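Colleague: If you read the sequence shown in the numbering used here, its first letter stands for residue 23, the second for the next number, and so on.
C-beta atoms are modelled at their ideal positions from N, C-alpha and C, and glycine is treated no differently.
None of these values were measured; they are calculated from a predicted model.
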Amino acid sequence: MSVAGRLSALLDRAIAGLSGWLGRLAAVLLMAMVGVVLADIMSRTLFKLTGGGLDLTFPGGVELVSLGLLFTLLCAMPRAVESGQVVVDLTTHRLSPLGRRRLQGFFALGYAGLGAVMARHAGLDVSAAARAQETTQDLLIPLAPIHAAEAVAAGVLTLAALRVAVRALAGRPEAEESPR
């Protein structure tokens with residue numbers, strides 16, 4: 023195998039590994055988000071049942087859930103683009119397998135474009151948030167690191183989608199299943 027081939031295989035495994043790792047992180051974030059919602063509901067219920075005598079409510083629950091949802095979606099997207107698309111047979115039933123793969127490649131290019139735009143805008147937001155020292159409203163979490171993490175996750179989406187697009191448009195079958 024040539025140096026370019028080995029480098030390509032290494033890059034392929036790295037992108038698949040990052041996508042798998044982000045997919046697992048998305049699952050953890052989803053469970054944490056559910057935990058925050060349950061804790062918020064239970065604390066509000068206790069507050070109501072005790073007539074305000076027991077106040078275990080906490081500020082920022084909505085903010086934690088919205089940030090959790092943002093990162094759950096961003097972390098799940100690279101894995102989802104690698105797992106495949108839902109294809110409606112009505113529109114693709116007459117296409118050959120190669121035609122279907124190429125259609126998947128064009129869809130993956132769209133995801134790559136979406137990821138690139140999201141990464142660029144999040145990257146621009148990093149410096150703006152750092153200059154203005156912006157924070158979240160309730161918990162006062164600095165926004166610059168949040169935007170930086172968004173940019174990284176969107177960048178991984180871009181790479182994963184490009185990986186799928188190149189394979190599909192070249193007519194190559196998918197490599198071994200990436201780690202989950």
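1) Let's test the definition: count the other Cβ atoms within 10 Å of the Cβ of threonine 180 and tell me whether it reaches 16, buried, or not, exposed.
2) Do the segment 50 to 65 and the segment 131 to 139 meet, that is, are 3 or more Cβ pairs less than 8 Å apart?
3) Does the Cβ-Cβ distance between leucine 80 and alanine 171 come in under 9 Å?
4) Flag this pair as touching only if the segment 61 to 75 and the segment 145 to 160 have three or more C-beta atom pairs under 8 Å; answer yes or no.
5) Using the beta-carbon count (16 or more within 10 Å), is histidine 169 buried or exposed?
6) Enumerate in chain order the residues of its own chain whose CB-to-CB distance from methionine 140 is below 6 Å, with the five nearest sequence positions on each side excluded.
7) Since threonine 157 sits in a beta bridge, which residues does DSSP pair it with?
8) Taking 7 Å as the limit between beta carbons, can you name the residues of its chain near valine 178, skipping five residues before and five after?
9) Identify which residue in Ala31, Ala166, Arg46 and Val58 has its Cα closest to the Cα of leucine 86.
10) Output needed for isoleucine 163: all residues of its chain with C-beta closer than 7 Å, excluding positions within five of it in sequence on either side, in chain order.
11) Report, in whole angstroms, the separation of the C-beta atoms of valine 186 and glutamate 104, which I expect to be a contact under 8 Å.
12) Relative to the C-alpha of alanine 138, which residue among Gly121, Thr114, Ser24 and Ala183 is closest?
Modeller: The relevant details are as follows:
1) Its Cβ being crowded by 16 or more others within 10 Å, threonine 180 is buried.
2) The segment 50 to 65 makes no contact with the segment 131 to 139; the number of CB pairs closer than 8 Å stays below 3.
3) According to the sequence as given, residue 80 is phenylalanine; it is not leucine. At least 9 Å separates the beta-carbon of phenylalanine 80 from that of alanine 171.
4) Because the criterion of three Cβ pairs below 8 Å is not met, the segment 61 to 75 and the segment 145 to 160 do not touch.
5) So histidine 169 ends up on the buried side.
6) In the same chain as methionine 140, and ignoring 5 residues on each side of it, the C-beta atoms closer than 6 Å to its own belong to Ala176, in chain order.
7) Paired residues: Pro164.
8) Listed in chain order, the non-local C-beta contacts of valine 178 below 7 Å within the same chain comprise Leu40, Ser41, Leu44 and Pro100, local neighbours out to five positions each way being set aside.
9) When only C-alpha atoms are compared, the closest one is Val58.
10) Excluding residues within five positions, the ones whose Cβ falls inside 7 Å are Thr157.
11) Their Cβ separation, rounded to whole angstroms, is 6 Å, which keeps valine 186 and glutamate 104 in contact under 8 Å.
12) Distance from the Cα of alanine 138 is smallest, within the candidate group Gly121, Thr114, Ser24 and Ala183, for Ala183.
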